[in-house]
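Contents: one structure, followed by commentary.
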Amino acid sequence: MIRNDNITLTHFSETYIEDLTSFDLDKEQAKFTALPSEYFEFTEGQYRIVILHEKEPVGFFVLHATDRVKDYSNNPNALLLTSFSIHQTQQRKGYARQAMSLLKSFVTSEFPTYNEIVLAVNHQNIPAQTLYSQVGYQDTGRRKTGPIGEQIIMSLLLT
């Protein structure tokens with residue numbers, strides 16, 4: 000668990016299921032990410048992370064340490080970040096930026112053998128691109144075709 004004044008990153012547990020089930024996104028955002036409920040079943044190598052604001056779940060994402068990472072990075076010590084979302088009622092409060100700002104120290108603490116976080120962001124999703132750039136992610140120059148078009152592969156080095 001890593002926290003700042005208002006936001007905590009913590010591993011998923013059953014106690015959060017009810018709150019995470021209520022997550023909703025508008026149609027424009029829903030096309031770019033998955034809802035937390037799609038990850039309630041445990042899958043080896045997937046780490047479900049809950050973003051808490053004063054103990055209330057406000058966001059969610061998944062860190063992958065599976066073969067899927069190889070589609071985004073040649074680094075054997077990279078984690079893949081997917082399914083990042085902030086509950087629609089909790090948006091525009093700075094929680095996404097705070098959570099992403101905590102991620103480097105969270106991964107360093109919880110997953111010390113990893114030295115990079117990679118992600119794919121749709122070329123149309125300008126708010127997400129801006130957020131990731133502001134917290135230190137760099138465009139790798141690599142591109143991938145996703146379900147709704149071109150994705151920009153971004154990387155955050157942890158060392």
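Residue numbers (numbering that gives the first Met the number 0): 0 to 158.
Idealized CB from N, CA, C, for every residue including glycine.
Within its chain, find whatever has a CB closer than 8 Å to the CB of residue i; leave out the 5 residues flanking it on each side and keep chain order.
i	result
E43	T65
L157	K103, V106, T107, Y113, N114, E115 and I116
G58	V49, I50, F83, S84, I85, H86, Q89, Y94, A95 and A98
G145	A119 and N121
Measure the CB-CB distance between residue i and residue j and report whether it falls below 9 Å.
i	j	result
F110	M99	no
G152	Y94	Position check: residue 152 holds Ile in this sequence, whereas Gly was assumed. Not in contact: I152 and Y94 (Cβ atoms no closer than 9 Å).
L62	I116	yes
L19	P56	yes
G148	Q123	yes
Determine the direct distance from the alpha carbon of residue j to that of residue i, and round the result to whole angstroms.
i	j	result
V49	T81	13 Å
S68	L79	Looking at the sequence provided, one finds Val at residue 68 rather than Ser. Each residue's Cα considered, the two are about 6 Å apart.
L101	G135	12 Å
Q133	L155	11 Å
L130	F11	23 Å
T142	I125	Note that residue 142 is Arg in the sequence shown here, rather than Thr. Roughly 15 Å between the two C-alpha positions.
G140	A119	11 Å
N76	F60	19 Å
N121	E40	26 Å
T14	K92	24 Å
S21	Q137	33 Å
In chain order, what residues of the same chain have a beta carbon less than 7 Å from the beta carbon of residue i, not counting five sequence neighbours either side?
i	result
N5	H52, E53 and Q97
N74	E115
If I measure Cβ to Cβ from residue i and keep anything under 6 Å in the same chain, skipping five residues before and after, which residues do I get?
i	result
Y46	L62
Q150	A119, N121 and K143
*Could I get the ranges of all uninterrupted beta strand (DSSP E) runs contained in the region 70–136, with 3 residues as the minimum, in chain order?*
The qualifying runs are 77–85 and 115–121.
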